[in-house]
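If you're matching them up, the sequences are chains L, A and P in order. Following the working numbering, the numbering of the first sequence begins with 12 at its first residue and continues without gaps. Following the working numbering, the numbering of the second sequence begins with 30 at its first residue and continues without gaps. Following the working numbering, the numbering of the third sequence begins with 342 at its first residue and continues without gaps. Virtual Cβ for every residue (Gly too), placed ideally from N, Cα, C. To start, the structure itself, in structure tokens.
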Amino acid sequence: MRSLKEQLTCCTKCSHSPEKPCRDLAKCLLDGPVCHTHPEAHEERRKSVQALLRTDVDRPTVYVGMGTCGIGARADRTMEAVQHWAETRNIEVDRVAVACIGLCSAEPLVDIQLPGCPRVSFQKVTADKVEALLDDVLAGKLSSELMLGQFRSQHKAYDAPFLDEHPFFKPQMRWVLKNCGIINPTSIDEYIAHGGYQALSKTLLTTPPQDACDLVEKSGLRGRGGGGFPAGTKWKFARKTVSEQKYLICNADEGDPGAFMDRAVIEGDPHRLVEGMAIAAYAIGARKAYVYIRAEYPLAIKHIRKAIDDAKAYGFLGRNILDSGFDLEIVIKQGAGAFVCGEETALMHSIEGRRGMPRPRPPFPAVRGLFGKPTVINNVETLANLPHLIDIGAEQFATLGTKSSKGTKVFALSGKVARTGLVEVAMGTTMRQIIFDIGGGVPNGKKYKAAQIGGPSGGCIPTEHLDIDVDYESLKQVGAMMGSGGLVVMDESTCMVDVAKFFMDFIQRESCGKCIPCREGTRRMLEILTALSRSRRNETGTAALTRFQGVMNLTSLAEVIRDTSLCGLGQTASNPVLSTLRYFRHEYEEHVFERHCSAGVCKELLHYTIDANKCTGCTLCAKKCPSEAIMGTLKTPHYIVEDKCIGCGTCVDVCRKDAVKAA
Amino acid sequence: MMQNDLQTASTSRIDAVLARHPGAARDSLIPILQEVQEAQGYLSEDAMKRVGQHLKLPASKVYGVATFYNQFRFSAVGQFHIALCRGTACHVKGSAKVLDALKLALKIEPGQTTKDGMFSLEILACIGACGLAPAMLVNGETYANVTPDSVRAILHDCRKRSAKNA
Amino acid sequence: MSNIEVNGRTIEAQPEDTVLAALRRAGVRIPTLCAMENLLPSGACRLCVVEVEGQRNLVPACAFPVTPGMKIKTHTPRAVKARKTIIELLLADHPDDCLYCARNNNCDLQRLAQEHGVRARRIHGEKIRRPLDASSPSLVRDPDKCVLCGRCVRVCEEVQAVSAIDFVGRGSKTHIGTAFDEGLNVSSCIHCGQCVHVCPTGALTEQSHVEDVIQAIAAGDKHVVVQHAPAVSVTIGEMFGLKSGADVAGVLTAALRRIGFAKVFDTSFAADLTVMEEASELAERLTKGGALPMMTSCSPGWVKFVEQFYPKLIPNLSTCKSPQQMMGAVIKAFYAKQAGIDPHKVFSVSIMPCTAKKFEVSRPEHSRDGVADVDAVLTTRELAQLIKMHGINLKELTPEGADTPFGERSSAGKLFGATGGVMEAALRTAHFLVTGKELDANFKPTAIRGLNGIKEAKVKVGDKELTVAVASGLKNARTVLDQMLSGERHVDFLEVMTCPGGCIAGGGQPLGVPLEAIRERMQALYTIDKEDTLRTAHQNPSIQKLYKDFLGKPLGEKSHHLLHTHYEVRDVA
């Protein structure tokens, strides 16, 4: 099969190329030729598009989810097993590496599609299960334990549930993730076959830049990176600043621990981002754009790089795109591991080759940004929203969601939840629906405690607020924030003081060190929190007094840091502490007054005992105990001398008989 | 003699990187450092000086930038470079215990390399594999849902592989 | 012009003002640690935060632009509490050894803590400790006292174009360091000490020679002599409550004698000597050929700057030693002989407005046969300490004349203390040497006077019209050099002073003075020159006599050995 681009030179009349851009390129690729009649060429193209859409296949096709999480679950071995199976059975099989459809906990995910049949999705298909599964499916048997569901299609359905009725997918509204896990992300042709680049085409040919800004503003699309600033309004600021050169930056420095939406979108559907960037750059008048992406995302970098190259080869990037006079070059810059570079001014400093330290705003980037030029910085999800937004129009877009939050939001659901992964829901969906319906609730019979939303800048959502809507303002009201979309579920075995400590540790390590309140303040807050879970046994001198003083200062310190820090990182650094204090004050009090951690997390506050019935007297714990607190002789049950125990928990970790109990 | 050979080899690797960036300006600093680290395994003082000269940047600036970002290392890593994710999901699912187990087994702190040069340990912010938490990388290969027990097994496996190759 | 409301009072603000600029003009004081005049705000210290109506958080006055009608409250409990907390946070990581600190009673952090009533250790925690860097011959860095305001980094980069130091590391591990955290001595530091001037705490101080000097005097077996530089007598008074620019040369001499120096020399005399040699060198380069433009070499920071950043221009540097080194050489080679003292027994001290002079004396080429030209260098600040230690108050002394074993100075030598002064003094003599006539009384030196960073003038010397340029502050010097090298600018004779404004604003001068004080110091030098009758080096009979009795002629063999030097290419990171 020739690629769509190769088909452009179908006859002498057709000679589209990036050098000779054509206004109708997008349409021509999908349904052409459009400038003249050429039945054979048209037929070839129609067939190609059908093949690319895979509404039907002419031989068994196996799709393997090969996103980062898939590979982490050894999908590469699954893929090899498929190959091996095909060779031993001597069957011709098409193998397609797709990215992640979102259900991470079910990886490796494999879809199988036989000619004339619907595509069926299977979960946890490790390499060892491939042979039996493929044999079964080929024989017409759908293994019930592995099967997730079948895709809707024109073909006769199997006697099996549909994938879109699976509880994980049913409540979702997939606009941004539409293609993720469905198409081959490295194929621009597949993206085009699925309607790609029509939005860019429509924008360049019919919408003046100012109108494009208006349209996005009218749609109510707000920044998905955390702040929630109206995207169209931001564009207009940059649009009206007079300058020879302007820049668009796609912020793909997804640093929030617990967030991987951007990675998944870029891995799974990179052209959606490229198209969105082209639309945004056109609207603000930028001719150069940057993708600032974490170096920790090698696969995403590979995919976005290929997408940019292919888009350029097809003429969707480069000079005089679609003969509109609009030029755009997209450059990839890899971040080098600094959470603070998610902050706009720090990010720009990083692109400029400087230390990623923020600077005061104003001047705002839209006025003076990268290299001193007006710059718009949008997050991946914001930009990836644009193609669909343009396709359906601002009014339609704005019908979904709440009063002030429109469209959908992608969340990375993880932690103590049955089904982890990437979910996209309409704004206004409740947290309860996301965590319990989509995520399947807390596993192992444990009780839900809270969900941390918005990462280290956000807050937690306790049980009493589970019915809150996904909405920028509502979340703020309960002391949380939308953030970029990390949603980590915690159960009764999670200690909230420990969670606050975790985030404070993260923030103080990631603080750029420039402004005093953030650099010094977060460090002191961490020390105060650490002291809460330090045993009296490990304290000397007036440490206990200092511990109390610290607790008294905690809130006041948090407020000053919030009030005076230079950038958003510092201003929101206290949020996890303030939020956990608000809802879980009793846990703090338990740590301070009772010196106990009922979640069993803060090791030093636990009491350790050895179960004489389980202990075989192997002496390992006694050998490893750093304070010589464990007594006993070989092959007789050991015991712990409490006065000597420093509560490090090493004995629990090293015991192979599960004989050491901590409570 | 061997020292010299090593030095020459490293110099030519840096040369090769710099040759890919003729006439580069400051905004190429981080990409160049990334490439140098890729080629050399870490950033040597000599390399940073050379990069500075190439970009007409004072060495203090190169060093200032390099030390700002987590990615850059200033000494060689072990034969097995272990990077443990300490993102939120991993934390909630017990990565702290995994870290303790690694520290106990390797007797090193994050950022260090074992005396025999076999293992080095690093903590990563979040690698975005939260669905597989706790996650760990060994020389770039992902291990999902690691536990104190499983990492001990992984270390054992590494040692075995190393012995076999030796 | 627009009105803004501050604490209920209406004040006027300029359209481009930051809140801080408007407040300062209106006399409303708020604390700052990181703000620097004439440089963009960094926004690091957050001490200048104020409440602005309509803003959710406190805003930094240094970076926030004024908008008409804005309402500001500068000292609300919220703002004051925030500032106090920030100070407490800094103190929580501070060594708390004020009594032992060079900046005790002259420290911004100490003053702020006092002003904000910090009376209890509310915030506790681990103090991060880093090693003291005393490797430099000129400067000492104590990272423990550093508050990371970044002013030293900025002055080193944005004013001096050296960038020997930068922020290193991140978060609480951030510190100021050289490349690879090596000692300052092996860095590209040019020892100018401008960083000391901007440091709000005791994190940056000069390498003190006070103890060496006291020991040398106390030992009794040494003949301890002292020279003081032209720019010292117009600044040291400030440290005794006199007004900026007050020339205290007379009482200074008296004080030095009381401290126990056997002889007190005026470096300005050596400046005259420098003028003779340098003007002759210029005349020779102009007539017989040689690298042009010729560049002055009195400022040791600048010399190192050329050696490490513009090695190709080393031949352009005048081979003349600086006045300090010429004086040192003449003292040990001529004065000692004349006075019948073994040069090894002479302990020669210089008092300099400069920290780089401490580096200069340590250069190996400034020693002959194991005898250093100069043995110890005190900055103006160290001298003030020495005077105070001896219980002397400058205000109470009667002026005395300097020891003049070599005779008087001219006022041309005194001009060395300000940017453009070396040029002016050298032109007066070069003109005479080339033409046999005094520099036309019509030549108005105003073009090369004043505080502008780059100055240029045309001077007719005989049938040649020379283009002379003067730069102070090495960023300005860099600009001139780059323009010269690219062919944009033609210069025949270039004077460069490392510190902006010249030695009157040198790295060893009193701390915490406003620009106005520097202007007054400069004016004082011009007044001395104006009122003096002996205004050129070549007319100085003592100089003529020194050549007759000892040196022979300028650029002669003796001069070559004693008064000229050479330079080395420096490979620094």
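#1: Could you compute how far the alpha carbon of A289 (chain L) sits from the alpha carbon of K58 (chain L)?
#2: Which value, in whole angstroms, describes the spacing of the CA atoms of C128 (chain L) and R163 (chain L)?
#3: So with Cβ pairs under 9 Å, would you call R316 (chain L) a contact of chain P?
#4: In angstroms with no decimal places, state the Cα-to-Cα distance between A125 (chain A) and A117 (chain L).
#5: Could you compute how far the alpha carbon of S813 (chain P) sits from the alpha carbon of M368 (chain L)?
#6: Starting from Y308 (chain L), trace the beta strand (DSSP E) both ways and give me its first and last residue.
#7: Once you ignore the five residues that flank C536 (chain P) on each side, which residues in its own chain have a CB closer than 7 Å to its CB?
#8: Between which two residues does the alpha helix (DSSP H) harbouring L614 (chain P) extend?
#9: Does any residue of chain P have a CB that is nearer than 9 Å to the CB of T551 (chain L)?
#10: Does the Cβ of L903 (chain P) have 16 or more other Cβ atoms within 10 Å, making it buried, or fewer, making it exposed?
#11: To which residues of the same chain is G123 (chain A) closer than 8 Å at the C-beta, ignoring the five residues directly before and after it?
#12: For A697 (chain P) versus P851 (chain P), is the C-beta distance shorter than 9 Å?
#13: Quick one: what's Y172 (chain A) bridged to in DSSP?
#14: Going residue by residue through the segment 439 to 479 of chain P, where are the continuous alpha helix (DSSP H) segments of at least 4 residues, counting only ones entirely within it?
#15: Can you list, in chain order, the residues of its chain whose CB lies under 7 Å from that of M30 (chain A), leaving out five sequence neighbours each side?
#16: Rounding to the nearest angstrom, what Cα-Cα distance links P436 (chain P) and L430 (chain P) in this structure?
#17: So who's on the other strand from A810 (chain P), going by DSSP bridges?
#18: Which residues, taken in chain order from the segment 74 to 101 of chain L, show a beta carbon closer than 9 Å to some beta carbon of chain A?
#19: Roughly how many angstroms separate the alpha carbons of G234 (chain L) and P241 (chain L), rounded to a whole number?
#20: Let me know the secondary structure DSSP gives M368 (chain L) once reduced to three states.
#21: Just verifying my parser: in three-state terms, what is the DSSP assignment at R860 (chain P)?
#22: Report the CB separation of Q161 (chain L) from V131 (chain L) in whole angstroms; it is logged as a contact under 8 Å.
#23: Give a yes or no on whether 9 Å exceeds the smallest Cβ distance from P268 (chain L) to chain A.
#24: Which value, in whole angstroms, describes the spacing of the CA atoms of V500 (chain L) and K646 (chain L)?
#25: Is there a Cβ from chain P that is less than 9 Å from the Cβ of P376 (chain L)?
#26: Measuring only between beta-carbons, confirm whether V94 (chain A) sits less than 9 Å from chain L.
#27: Could you tell me which uninterrupted beta strand (DSSP E) segments, each at least 3 residues in length, are contained entirely in the segment 453 to 525 of chain L, listed from first to last along the chain?
#28: Can you check whether the C-beta of T519 (chain P) is within less than 9 Å of a C-beta belonging to chain A?
#29: Counting contacts by CB-CB distance shorter than 9 Å, is G157 (chain A) in contact with chain P?
#30: Quick one: Cα of S361 (chain L) to Cα of A54 (chain A), how far?
#31: M964 (chain P) lies in the alpha helix (DSSP H); which residues open and close that run?
#32: Can you have a look at K736 (chain P) and say buried or exposed, based on whether 16 or more other CB atoms are within 10 angstroms of its CB?
#33: Three Cβ pairs or more, each shorter than 8 Å: is that satisfied between the segment 94 to 101 of chain A and the segment 125 to 134 of chain A?
#34: Among residues of its own chain, excluding the 5 on either side of E909 (chain P), which ones have a beta-carbon nearer than 7 Å to its beta-carbon?
#35: Determine which residues of the segment 491 to 520 of chain P have a Cβ less than 9 Å from any Cβ of chain A, and write them out in chain order.
Taking the geometry as given:
#1: The residue you call residue 289 (chain L) lines up with position 278 of the first sequence. The residue you call residue 58 (chain L) lines up with position 47 of the first sequence. A289 (chain L) and K58 (chain L) have their C-alpha atoms spaced approximately 29 Å apart.
#2: As a first step, residue 128 (chain L) must be located in the first sequence, where it is residue number 117. As a first step, residue 163 (chain L) must be located in the first sequence, where it is residue number 152. Cα to Cα, C128 (chain L) sits roughly 10 Å from R163 (chain L).
#3: One-based indexing of the first sequence puts residue 316 (chain L) at position 305. No, no contact with chain P.
#4: Taking the second sequence and counting its residues from 1, the one referred to as residue 125 (chain A) is at position 96. Taking the first sequence and counting its residues from 1, the one referred to as residue 117 (chain L) is at position 106. Near 24 Å, if we compare the C-alpha coordinates of A117 (chain L) and A125 (chain A).
#5: As a working mapping, residue 813 (chain P) is identified with position 472 in the third sequence. As a working mapping, residue 368 (chain L) is identified with position 357 in the first sequence. Going by the C-alpha atoms only, they are around 31 Å apart.
#6: To locate residue 308 (chain L), count along the first sequence from 1; it is residue 297. Y308 (chain L) -> no beta strand (DSSP E), and no H or E assigned at all.
#7: Here residue 536 (chain P) refers to the residue found at position 195 when the third sequence is read from its first residue. Counting only Cβ-Cβ distances below 7 Å, and skipping sequence neighbours, we find C493, V496, C497, L545.
#8: On the third sequence, position 273 is the one that residue 614 (chain P) refers to. For L614 (chain P), the uninterrupted alpha helix (DSSP H) run begins and ends at 608 to 629, by DSSP.
#9: The residue labelled residue 551 (chain L) in the question sits at position 540 within the first sequence. No, T551 (chain L) does not count as interfacial toward chain P.
#10: Taking the third sequence and counting its residues from 1, the one referred to as residue 903 (chain P) is at position 562. By the neighbour-count rule (16 or more Cβ atoms within 10 Å), L903 (chain P) is buried.
#11: Residue 123 (chain A) sits at position 94 when you count from the first residue of the second sequence. If we look at G123 (chain A) and ignore the five residues flanking it on each side, its Cβ neighbours are P163, T176.
#12: Taking the first residue of the third sequence as 1, we reach residue 697 (chain P) at position 356. Taking the first residue of the third sequence as 1, we reach residue 851 (chain P) at position 510. Going by C-beta atoms, A697 (chain P) is not nearer than 9 Å to P851 (chain P).
#13: Within the second sequence, residue 172 (chain A) is the residue found at index 143, counting from 1. Looking at the DSSP assignment, Y172 (chain A) forms a beta bridge with A:M165.
#14: 449 to 456
#15: Position 1 of the second sequence, counting from 1, holds the residue named residue 30 (chain A). Below a pLDDT of 50, predicted positions are generally treated as unreliable, and M30 (chain A), at 45, falls in that range; no measurement from the model is reported.
#16: Along the third sequence, read from residue 1 onward, the residue named residue 436 (chain P) stands at position 95. Along the third sequence, read from residue 1 onward, the residue named residue 430 (chain P) stands at position 89. The straight-line gap from Cα to Cα measures roughly 12 Å.
#17: For this step, residue 810 (chain P) is matched to residue 469 along the third sequence. For A810 (chain P), which the question treats as bridged, DSSP gives the partners P:E797, P:L835.
#18: Close to chain A, meaning a Cβ-Cβ distance shorter than 9 Å, are the following residues of the segment 74 to 101 of chain L: T79, C80, I82, G83, A84, R85.
#19: Residue mapping note: residue 234 (chain L) aligns to position 223 of the first sequence, counting from 1. Residue mapping note: residue 241 (chain L) aligns to position 230 of the first sequence, counting from 1. Going by the C-alpha atoms only, they are around 6 Å apart.
#20: Position 357 of the first sequence, counted from the first residue, corresponds to residue 368 (chain L). Note: M368 (chain L) maps to coil in three-state DSSP.
#21: Walking along the third sequence from the start, residue 860 (chain P) turns up at place 519. Look at R860 (chain P) here: in three-state DSSP terms it is helix.
#22: The residue you call residue 161 (chain L) lines up with position 150 of the first sequence. The residue you call residue 131 (chain L) lines up with position 120 of the first sequence. Under the criterion of beta carbons closer than 8 Å, Q161 (chain L) and V131 (chain L) qualify as touching, at roughly 5 Å.
#23: Residue mapping note: residue 268 (chain L) aligns to position 257 of the first sequence, counting from 1. It does; some Cβ of chain A falls within 9 Å.
#24: Numbered from 1 along the first sequence, position 489 holds the residue referred to as residue 500 (chain L). Numbered from 1 along the first sequence, position 635 holds the residue referred to as residue 646 (chain L). Computed Cα separation, rounded: 42 Å.
#25: Taking the first residue of the first sequence as 1, we reach residue 376 (chain L) at position 365. No - not a single Cβ of chain P is within 9 Å of the one on P376 (chain L).
#26: Within the second sequence, numbered from 1, the residue matching residue 94 (chain A) stands at position 65. Chain L, which has a Cβ nearer than 9 Å to the Cβ of V94 (chain A), makes this yes.
#27: Fully enclosed beta strand (DSSP E) runs of 3 or longer: 459 to 464, 470 to 473, 497 to 502.
#28: For the purposes of this step, residue 519 (chain P) is identified with residue 178 of the third sequence, where counting begins at 1. Taking Cβ atoms only, chain A reaches closer than 9 Å to T519 (chain P), which makes this a yes.
#29: For the purposes of this step, residue 157 (chain A) is taken as residue 128 along the second sequence, with counting starting at 1. The beta carbon of G157 (chain A) sits no closer than 9 Å to any beta carbon of chain P.
#30: Taking the first residue of the first sequence as 1, we reach residue 361 (chain L) at position 350. Taking the first residue of the second sequence as 1, we reach residue 54 (chain A) at position 25. So the two alpha carbons sit approximately 13 Å from each other.
#31: This structure cannot speak to residue 964 (chain P), because chain P is shown only from 342 to 914.
#32: Numbered from 1 along the third sequence, position 395 holds the residue referred to as residue 736 (chain P). Classification for K736 (chain P): exposed.
#33: no
#34: Taking the first residue of the third sequence as 1, we reach residue 909 (chain P) at position 568. Correct list, in chain order: E648.
#35: V494, C497, E498, V503, S504, A505, I506, D507, F508, V509, G510, R511, K514, T515, G518, T519, A520
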